[in-house]
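Student: Numbers 78 to 242, taken from my numbering, label the letters of the sequence shown in order.
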Amino acid sequence: MPFENLNNSHYQATEKSAILTALSTLEKTLAPKYRNLNPEERKKYGSINEQNKLIVNKVLDYRVNTPELSAPDVDWVEFQADYDSRDFLQKVMTRLQNMQDSLNNNKILHDFDNYHAALTDYGYSQYKAGTKVGGFENKVTEIGQFFSRTGINNTGETPIPPVEQ
């Protein structure tokens, strides 16, 4: 067979429901803490780079180990709360990114399977249209409109040609 199912691990209805419920719970829990920044604010506040994270970490280290060297003008309770929140969010974001990467990999395999099955079906339809079996000529015409006539599709990639049997 010219096509293989690269990912035949499918989600059951109960799994889909549990995942969507968990996502809803997560969204509802996080939403009150969201702060929307406009593009100007994002640029103004930015994100601290690795070098600046080292500064923050070193200041915290001094605060913990030698608090008498800490500036009295800094709200150290707020500093620690910001640090803890930032650390927590970074860990959550890393886990979410790992899940997104894994989900994307699974989706890619399902997309690949669907596309190649569709090409197989199109090739079969071309064959049947050639034998003048009713309905297949129209199907081939309708599906055929999605194939580039120049050999290059809109993404600039060379498309996989229709399967002919």
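Built from N, CA and C at the ideal position, the CB exists for glycine as well. Fair warning: this is a prediction, and the values are worked out from it, not measured in the lab.
Checking 9 Å against the spacing of the C-beta atoms, do Ile220 and Ala195 come in under that value?
Tutor: For the purposes of this step, residue 220 is taken as residue 143 along the sequence shown, with counting starting at 1. For the purposes of this step, residue 195 is taken as residue 118 along the sequence shown, with counting starting at 1. Against a cut-off of 9 Å, the Cβ pair of Ala195 and Ile220 comes out as a contact.
Student: Go ahead and label Gln203 buried or exposed: buried means 16 or more other beta carbons lie within 10 angstroms of its beta carbon, across all protein chains shown.
Tutor: Here residue 203 corresponds to residue number 126 of the sequence shown, with the count starting at 1. Buried, since its Cβ has 16 or more Cβ neighbours within 10 Å.
Student: Would you mind listing the alpha helix (DSSP H) stretches within the region 102-149 that are 4+ residues and don't spill past its ends, in chain order?
Tutor: 116-122 and 127-142, all fully within the region 102-149.
Student: Reducing DSSP to helix, strand and coil, say where Gly212 ends up.
Tutor: If you number the sequence shown from 1, residue 212 lands on position 135. Reduced to three states, the DSSP call for Gly212 is coil.
Student: Label Tyr199 either buried or exposed according to how many other C-beta atoms from any shown protein chain fall within 10 Å of its C-beta, with 16 as the threshold for buried.
Tutor: Counted from its first residue, the sequence shown places residue 199 at position 122. So Tyr199 counts as buried.
Student: Out of curiosity, what's the CA-to-CA distance linking Ile185 and Asn84?
Tutor: Along the sequence shown, read from residue 1 onward, the residue named residue 185 stands at position 108. Along the sequence shown, read from residue 1 onward, the residue named residue 84 stands at position 7. Answer to the nearest angstrom: the Cα atoms are 9 Å apart.
Student: Under three-state DSSP, which class holds Asn84?
Tutor: Position 7 of the sequence shown holds residue 84. Coil.
Student: What are the boundary residues of the alpha helix (DSSP H) that includes Val154?
Tutor: For the purposes of this step, residue 154 is taken as residue 77 along the sequence shown, with counting starting at 1. Element bounds for Val154: Trp153 to Gly207.
Student: Report buried or exposed for Val154, applying the criterion of at least 16 other Cβ atoms within 10 angstroms of its Cβ.
Tutor: As a working mapping, residue 154 is identified with position 77 in the sequence shown. Counting Cβ neighbours within 10 Å, Val154 comes out exposed, since fewer than 16 surround it.
Student: Using a 10 Å radius around the Cβ and a threshold of 16 neighbouring Cβ atoms, would you call Val217 buried or exposed?
Tutor: By 1-based counting over the sequence shown, the position of residue 217 is 140. Buried.
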